[in-house]
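Since the structure comes first, as structure tokens, the remarks are kept for the end.
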Amino acid sequence: MSISKKITLSEDQIPTHWYNIVADMTTKPLPPLHPGTKEPIGPEMLMPLFPMELIKQEVSTEKYVEIPEEVREIYKIWRPTPMFRATGLEKALDTPAKIYYKYEGVSPAGSHKPNTAVPQVYYNKMEGVKRITTETGAGQWGSALSFACGLFDIECDVYMVKVSYEGKPYRKIMMNTWGGNVFPSPSMRTEAGRKILAEDPNSPGSLGIAISEAVEMALTDESTKYALGSVLNHVLMHQTIIGEEALLQMEKAGDYPDVVIAPFGGGSNFAGIAFPFLRKNLEGTHQTRCVAVEPASCPKLTRGVFRYDLGDSVGMTPLLPMYTLGHNFVPAPIHAGGLRYHGAGAIVSQLLNDKQIEAYSIKQLECFEAGLLFARTEGIIPAPEATHAIAQVIREAEQAKAEGKEKVILFNLCGHGHFDMTSYEQYLAGNLVEHEVTQEEILDSLAQLDTPTIG
Ligand SMILES: *Cc1c(COP(=O)(O)O)cnc(C)c1O
33 MSISKKITLS
43 EDQIPTHWYN
53 IVADMTTKPL
63 PPLHPGTKEP
73 IGPEMLMPLF
83 PMELIKQEVS
93 TEKYVEIPEE
103 VREIYKIWRP
113 TPMFRATGLE
123 KALDTPAKIY
133 YKYEGVSPAG
143 SHKPNTAVPQ
153 VYYNKMEGVK
163 RITTETGAGQ
173 WGSALSFACG
183 LFDIECDVYM
193 VKVSYEGKPY
203 RKIMMNTWGG
213 NVFPSPSMRT
223 EAGRKILAED
233 PNSPGSLGIA
243 ISEAVEMALT
253 DESTKYALGS
263 VLNHVLMHQT
273 IIGEEALLQM
283 EKAGDYPDVV
293 IAPFGGGSNF
303 AGIAFPFLRK
313 NLEGTHQTRC
323 VAVEPASCPK
333 LTRGVFRYDL
343 GDSVGMTPLL
353 PMYTLGHNFV
363 PAPIHAGGLR
373 YHGAGAIVSQ
383 LLNDKQIEAY
393 SIKQLECFEA
403 GLLFARTEGI
413 IPAPEATHAI
423 AQVIREAEQA
433 KAEGKEKVIL
443 FNLCGHGHFD
453 MTSYEQYLAG
463 NLVEHEVTQE
473 EILDSLAQLD
483 TPTIG
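Just so we're on the same page, this note's numbering is the position in the sequence shown counted from 1, plus 32.
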């Protein structure tokens with residue numbers, strides 16, 4: 033038995049600034065385009081959707097943005113989050129690699145999402161917003177936003193992808209407990225939802241559809257704004273608090289990572305842990321590989337194309353430059369609900385195109401197997417999303433063993449899996465099926481795109 037070592041920080045070490053990687057990027061991300069005119073949009077087009085302060089952050093080129101005092105006070109509920117050296121896992125793998133992980137599951141909602149939910153709701157509150165709408169896949173983002181809206185006494189309407197709404201009833205009740213209203217998507221409440229249901233009454237829903245519904249509700253009411261839990265620049269920036277703390281903790285541990293690994297949905301937890309380390313790469317002082325891991329059933333980074341695409345299914349969001357499988361892509365209902373999004377954020381897409389980061393896709397059985405080994409050696413039951421990072425960590429650790437090389441690995445354990453027991457149940461019963469999207473399905477979805485290409 034070997035007990036993993038915890039590396040902690042004190043409250044007064046909570047970082048005072050978020051890091052905006054755009055300031056350091058060699059190729060800046062391309063601008064968002066108007067879905068109709070296909071011309072670059074100005075910040076004013078986003079004003080019906082977001083408070084001004086978040087729009088400023090979205091287009092900011094400042095290297096650091098100060099975290100408001102009130103947000104830092106709330107962060108203290110769960111931050112700084114612990115880092116662990118995974119000696120139990122290392123021993124089980126009999127690897128010369130040192131494995132560290134940052135644990136974001138200690139937040140009230142059980143994932144990294146509150147890191148951005150709290151500042152987003154704070155800026156909305158400052159600007160007099162009364163209600164915030166959003167979408168949620170697995171329920172993590174809806175929970176985080178409901179929690180934050182509860183703190184600031186703002187109404188919260190969550191459109192939850194129908195398969196998750198049905199499969200994860202306790203996520204819904206969690207949102208209700210914090211005061212959030214939850215609707216299965218597609219719903220009859222919006223034009224977007226009604227249109228989808230008319231075409232396919234049994235639609236399992238998708239994040240793209242749920243976004244259309246939440247955006248429509250914000251556009252049609254003046255005191256209502258919209259919030260997104262991933263993809264956008266300001267969301268990725270808020271998450272860099274993870275990596276800023278991790279830099280301090282690695283220093284305390286007396287190590288520096290050769291590779292940083294995180295699961296990838298829209299890019300926020302990956303950006304959160306990786307961008308502060310990428311800063312050191314871009315400043316020329318270090319060379320850390322930054323690795324994003326996506327499911328084989330929704331592989332936009334490894335098998336999608338880099339071009340402009342819509343953020344939603346119906347066409348209400350601006351066109352963003354992204355690695356995408358096409359906005360009509362409806363991923364198979366695999367259990368890592370948080371990774372079922374058709375596209376990647378503009379910043380991470382540009383970084384991947386510039387080969388500053390790496391991406392891999394892994395099938396779900398390997399991921400669950402990795403998750404089980406982790407739970408049995410380190411104690412924490414990982415969210416299915418997080419098991420994608422763990423599977424890649426194991427591949428890296430086994431490679432280190434084969435080469436007889438030391439290697440320092442850091443990964444983001446972005447959430448716990450306490451609400452995902454049905455998927456663990458299915459895995460343990462041997463009922464979880466392997467799934468990989470076919471080339472035909474991808475080409476089919478991409479053939480439907482008529483959005484501008486890049487380069
Ligand atoms: C939302 C979520 C993800 C995927 O979103 P990213 O923006 O890519 O981080 C991954 N893991 C967990 C636990 C989540 O809640």
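Beta carbons are placed, not taken as given, at the ideal position from N, Cα and C, and that holds for glycine. Keep in mind the model is a prediction, meaning the values are calculated, not measured.
query: Three-pair Cβ contact test at 8 Å for the segment 272 to 286 versus the segment 403 to 410; result: no
query: C-alpha gap between alanine 306 and alanine 423, whole angstroms; result: 18 Å
query: 8 Å contact criterion, which alanine 421 and proline 327 should meet: CB distance rounded; result: Actually they are not in contact, since the Cβ atoms of alanine 421 and proline 327 sit about 12 Å apart, beyond 8 Å.
query: As assigned by DSSP and simplified to three states, the class of tryptophan 210; result: coil
query: Distance cut-off 7 Å: phenylalanine 400 Cβ against heavy atoms of ligand 1; result: no
query: Option nearest leucine 357 by Cα separation, candidates Lys332, Leu342, Asp344 and Pro350; result: Lys332
query: Identified DSSP bridge partners for cysteine 188; result: Ile164
query: Rounded C-alpha distance that separates phenylalanine 443 from leucine 125; result: 16 Å
query: Close-in-space but distant-in-sequence residues of the same chain around leucine 65 (CB under 7 Å, 5 per side omitted); result: Glu71, Pro72, Ile73, Tyr340, Pro350, Leu351 and Pro484
query: Exposed unless 16 or more other CB atoms sit within 10 angstroms - verdict on serine 42; result: exposed
query: Any 3 or more C-beta pairs closer than 8 Å across the segment 115 to 135 and the segment 438 to 452; result: yes
query: Glutamate 390, enclosing beta strand (DSSP E) - first and last residue; result: 390 to 394
query: Isoleucine 139 CB to nearest heavy atom of ligand 1 below 7 Å; result: Reading the sequence as shown, one finds serine at residue 139 and not isoleucine. No, ligand 1 has no heavy atom inside 7 Å of this Cβ.
query: Pair within 8 Å by beta-carbon distance, asparagine 463 and histidine 270; result: no
query: Integer Cβ distance of cysteine 322 from glutamate 390, believed to fall under 8 Å; result: 7 Å
query: Residues bridged to lysine 38 [DSSP beta-bridge criterion]; result: Phe116
query: Buried or exposed by the 16-neighbour rule on C-beta atoms within 10 Å, applied to arginine 8; result: Since the first residue shown for the chain is 33 and the last is 487, residue 8 is missing from the structure and cannot be characterised.
query: N-terminal and C-terminal residue of the alpha helix (DSSP H) that isoleucine 413 is part of; result: Here isoleucine 413 belongs to no alpha helix (DSSP H), and DSSP marks it neither H nor E.
query: Which listed residue (Tyr51, Gly120 and Ser235) has its alpha carbon closest to that of asparagine 360; result: Ser235
query: Counted within 10 angstroms of its Cβ, other Cβ atoms place tyrosine 245 as buried (16 or more) or exposed; result: Residue identity differs from the one stated: residue 245 is glutamate in this sequence, not tyrosine. Buried, since its Cβ has 16 or more Cβ neighbours within 10 Å.
query: Helix, strand or coil at isoleucine 151 according to DSSP, with G and I counted as helix; result: Reading off the sequence shown, one finds proline at residue 151, where the question assumed isoleucine. Correct three-state label for proline 151: helix.
query: Alpha helix (DSSP H) segments (min. 4 residues) lying fully within the segment 229 to 315; result: 239 to 251, 265 to 271, 273 to 285 and 300 to 314
query: The segment 162 to 174 contacting the segment 253 to 270, beta-carbon criterion three pairs below 8 Å; result: yes
query: For leucine 464, the three-state DSSP class (helix, strand or coil); result: coil
query: Top-ranked residue by Cα proximity to tyrosine 154, from Gly120, Arg104 and Ser175; result: Arg104
query: C-beta contact flag for serine 178 and glycine 212 at 8 Å; result: yes
query: Spatial neighbours of valine 150 in its chain, beta-carbon cut-off 6 Å, leaving aside the 5 residues before and after; result: Val103, Ile106 and Ala180
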